[in-house]
Amino acid sequence: MNTDGLAAEARRAALRSYSPYSRFRVGAVVVDSEGRRHTGANVENAAYGSSICAEATAISGAVARGVRRIEGVAVACVDADGVDNAYPCGNCRQLMNEFGVEWVVGGAGGGSEVPRPPPSGLPPQGHLKKCT
Numbered sequence: 002m003n004t005d006g007l008a009a010e011a012r013r014a015a016l017r018s019y020s021p022y023s024r025f026r027v028g029a030v031v032v033d034s035e036g037r038r039h040t041g042a043n044v045e046n047a048a049y050g051s052s053i054c055a056e057a058t059a060i061s062g063a064v065a066r067g068v069r070r071i072e073g074v075a076v077a078c079v080d081a082d083g084v085d086n087a088y089p090c091g092n093c094r095q096l097m098n099e100f101g102v103e104w105v106v107g108g109a110g111g112g113s114e115v116p117r118p119p120p121s122g123l124p125p126q127g128h129l130k131k132c133t
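Okay, structure coming up:
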């Protein structure tokens, strides 16, 4: 799969994030089995448990369009201060496993695309951003 430009597209999606509480803007692009791209951004809520990750919004949008197989995901954070820390959370990794994601690409604020292991191979990492 050619992932050229996916991290940049995920960074553009992050600019549409609604994240007034953490100010941690994340975007995602999922690529379905037919090569179509579906974008998403994180959506926060004052009741933090009601917040939705960028990966989940992108996957949900794809599913709403009838997609049942997702090849890969690109995820990026525009507020990562150049640190490549845009790892999917455990809930998103499980969601990706559900739809058969085979590859993940990450990208930080101005960084380049960084291949990630498939969701099943990602270590259980929490969010690494220091809140300011």
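Under my numbering, the residue at position 99 of the sequence shown is numbered 100, and the numbers go up by one with no gaps. All residues carry an ideal CB built from backbone N, CA and C; glycine is no exception. Since the structure is predicted, the reported quantities are computational estimates derived from the model, not experimental observations.
For this session: Compute the beta-carbon to beta-carbon distance between ARG26 and CYS93, rounded to the nearest angstrom, for a pair I have assumed lies under 8 Å.
Result: Between ARG26 and CYS93, the beta carbon gap of about 16 Å keeps them out of contact (Cβ cut-off 8 Å).
- From this set, ALA55, GLN95 and TYR22, which residue's C-alpha is nearest VAL30's C-alpha? When only C-alpha atoms are compared, the closest one is ALA55.
Spatial neighbours of ARG24 within its chain, please: CB distance less than 7 Å, with the 5 preceding and 5 following residues excluded, ordered by chain position.
Sequence-distant partners of ARG24 (beyond 5 residues in either direction) whose C-beta falls short of 7 Å from its own C-beta, in its chain, are ASP80.
Exercise. Which stretch, first to last residue, makes up the beta strand (DSSP E) that contains GLY40?
Worked result: Checking the displayed sequence, the identity of residue 40 turns out to be Thr instead of Gly. Counted as a single uninterrupted DSSP element, the beta strand (DSSP E) harbouring THR40 occupies residues 38-42.
Problem set entry | Delimiting residues of the alpha helix (DSSP H) encompassing ALA9 | In this chain, the alpha helix (DSSP H) harbouring ALA9 covers 7-15.
Check your understanding: ARG157 and ALA42: beta carbons closer than 7 Å?
Key -> Residue 157 cannot be examined here, being either before or after the span of the chain that is shown, 2 to 133.
- Query: Among the residues of its own chain, which have a CB less than 6 Å from the CB of LEU7, if the five just before and after it don't count?
  - Reply: The residues are VAL30, ALA75 and VAL106.
Here's the rule: buried if 16 or more other CB atoms are within 10 angstroms of the residue's CB, otherwise exposed. What is TYR22?
Answer is exposed; the Cβ neighbour count stays below 16.
| Secondary structure at GLU45, three-state DSSP: helix, strand or coil? | It is coil, neither helix nor strand.
Nearest by alpha-carbon distance to THR58: which of ASP5, ALA9 and ALA14 is it? A check of alpha carbon separations from THR58 across ASP5, ALA9 and ALA14 identifies ALA14 as the nearest.
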